[in-house]
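Residues in the sequence shown are numbered from 46 upward in steps of one, following the working numbering.
Quick reminder that beta carbons are idealized off the backbone N, C-alpha and C, glycines included.
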Amino acid sequence: MSDAQSAFRPQPEVPPRRTFLRQAGAFTAASLLLAACGDDDDPEPTPAPTSFELPTGDAGLVSYLFLLERFSADFYQRVLATPAPDLSAADLAVLRDIYRHELMHRDLLASVIKENSLVSDLGVSSLVAFEFNYGTFALTSRQGVLAAARTIEDLGAAALCGAVQLFSSAVYIQLVTRLTATESRHSAAVRDLLQPGSFAAAEVVPNTGADAGFGLALAPAAVLTELSKYTALPITGNGLPTT
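So this is what it looks like as structure tokens:
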């Protein structure tokens, strides 16, 4: 069994969920030692980064999806820690279910990255420490929370649909296909809470063109442009596959 296959384990069983969601389904910090160039020379200062560049190939795609899952999981953790007062018990039950799934997805991708040495220890630390900014979301009301969740889930589902066809490893394709199905259910569930019957709206399931009837697929470049709206440092993926 390959290392990649060993990291692809069945997800833990999710506790019973609400009707639509019922079927859905660490790292160590590295230190960098700088070699001295001479007894009397001071080291050159390291310029401040202007972007967060993802690795290339499959490693970059897994890292990209890991950041998206972190973005989602951190969002739900924040929302559930201090819920908006007008969120109903039914709303919170669905959001908790989605949060559990996002945690499992995040941890699964983290395991894939580490166990297959897809990036260096320093790179892993950077992925784990990368910070997101949720300040543009209005999280003090039900409407604001669900609108933010819709934005995040729509983006995640479209990102997975767009990424699955770019992997070279059949193991990763199988993994991401399963994640895509669950994320699409998240998007549909949140949309139905916010506006019943909107789960298959044209902006998430195009009704014209070659992709009519299929979930929207976005290329990594488009997703990273959107994701960078919620980060202090733009995320770039110049080495990610495009075909």
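Could you check the C-alpha separation between leucine 78 and aspartate 131 for me, to the nearest Å?
Taking the sequence shown and counting its residues from 1, one reaches residue 78 at position 33. Taking the sequence shown and counting its residues from 1, one reaches residue 131 at position 86. Only weak support is given to the placement of leucine 78: the predicted model assigns it a pLDDT of 33, under 50, and the value that follows is read from those uncertain coordinates. Taking the straight line joining both Cα atoms gives about 51 angstroms.
Quick one: grab the DSSP three-state call for leucine 269. The sequence position of residue 269 within the sequence shown is 224, counting from 1. Look at leucine 269 here: in three-state DSSP terms it is helix.
- With distances taken between CB atoms, is the gap from cysteine 177 to leucine 106 smaller than 9 angstroms? As a first step, residue 177 must be located in the sequence shown, where it is residue number 132. As a first step, residue 106 must be located in the sequence shown, where it is residue number 61. The sequence given here places phenylalanine at residue 177; cysteine does not occur at that position. No, Cβ-Cβ distance for phenylalanine 177 and leucine 106 is not below 9 angstroms.
Considering only C-alpha positions, which residue in the set Pro94, Ala104, Leu285 and Gln210 is nearest to alanine 155?
As a working mapping, residue 155 is identified with position 110 in the sequence shown. Closest option to alanine 155, Cα to Cα, is Ala104.
According to the Cβ coordinates, are leucine 261 and alanine 215 closer than 9 angstroms? Walking along the sequence shown from the start, residue 261 turns up at place 216. Walking along the sequence shown from the start, residue 215 turns up at place 170. Not in contact: leucine 261 and alanine 215 (Cβ atoms no closer than 9 angstroms).
- Query: Just checking my contact of leucine 113 with glycine 201 at CB under 8 angstroms: how many whole Å lie between their CB atoms?
  - Reply: Sequence index remark: in the sequence shown, residue 113 carries index 68 (1-based). Sequence index remark: in the sequence shown, residue 201 carries index 156 (1-based). The pair is a contact, with the Cβ atoms about 5 angstroms apart (cut-off 8 angstroms).
Are there 16 or more other CB atoms within 10 angstroms of the CB of serine 108, so buried, or fewer, so exposed?
-> Position 63 of the sequence shown, counted from the first residue, corresponds to residue 108. Buried: at least 16 other Cβ atoms inside 10 Å.
query: Would you call serine 165 buried or exposed, if buried means 16 or more other Cβ atoms sit within 10 Å of its Cβ?
result: In the sequence shown, the residue the question calls residue 165 occupies position 120. It counts as exposed.
_Distance CB(threonine 95)-CB(alanine 129) smaller than 9 angstroms_ = As a position in the sequence shown, residue 95 is number 50, starting the count at 1. As a position in the sequence shown, residue 129 is number 84, starting the count at 1. Judged by beta-carbon spacing, alanine 129 lies beyond the 9 angstroms limit of threonine 95, meaning their Cβ atoms are not closer than that value.
Give the range of the alpha helix (DSSP H) segment to which glycine 189 is assigned. Numbered from 1 along the sequence shown, position 144 holds the residue referred to as residue 189. That run of the alpha helix (DSSP H) goes 187 to 208.
Mind listing, in chain order, the continuous beta strand (DSSP E) runs of no fewer than 3 residues lying wholly within the region 86 to 166? Fully enclosed beta strand (DSSP E) runs of 3 or longer: not present.
Open item on the list: Could you pull the DSSP bridge partners for valine 218 from this structure?
Closed with: On the sequence shown, position 173 is the one that residue 218 refers to. In the sequence as displayed, the identity of residue 218 is isoleucine instead of valine. According to DSSP, isoleucine 218 bridges with nothing at all.
### Query
In angstroms, rounded to a whole number, what distance separates the CA positions of threonine 227 and lysine 159?
As a working mapping, residue 227 is identified with position 182 in the sequence shown. As a working mapping, residue 159 is identified with position 114 in the sequence shown. Cα-Cα distance, rounded: 23 angstroms.
- prompt: Would you say tyrosine 295 and tyrosine 179 are within 9 angstroms of each other, going by their C-beta atoms?
  reply: In the structure as shown, the chain starts at 46 and stops at 288, and residue 295 therefore has no counterpart that could be examined.
Check: Helix, strand or coil: which one does DSSP assign to threonine 227?
Finding: As a working mapping, residue 227 is identified with position 182 in the sequence shown. Helix at threonine 227.
* Asked: In angstroms, rounded to a whole number, what distance separates the CA positions of glycine 189 and alanine 138?
  -> Within the sequence shown, residue 189 is the residue found at index 144, counting from 1. Within the sequence shown, residue 138 is the residue found at index 93, counting from 1. For glycine 189 and alanine 138, the distance between alpha carbons rounds to 17 angstroms.
Residues bridged to threonine 281 by DSSP?
Translated into the one-based positions of the sequence shown, residue 281 becomes position 236. DSSP output for threonine 281 lists Glu98 as bridge partner(s).
Would you kindly work out how many angstroms separate the C-alpha atoms of glutamine 219 and leucine 191, rounded to a whole number?
Along the sequence shown, read from residue 1 onward, the residue named residue 219 stands at position 174. Along the sequence shown, read from residue 1 onward, the residue named residue 191 stands at position 146. Spanning the two alpha carbons is a distance of roughly 30 angstroms.
Going by DSSP in three states, tyrosine 179 sits in which element: helix, strand or coil? The sequence position of residue 179 within the sequence shown is 134, counting from 1. Residue state, collapsed to three classes: coil.
Q.
For threonine 225, count the other beta carbons within 10 Å of its own beta carbon; 16 or more makes it buried, fewer makes it exposed. Which is it?
A. Sequence index remark: in the sequence shown, residue 225 carries index 180 (1-based). Flag for threonine 225 reads buried.
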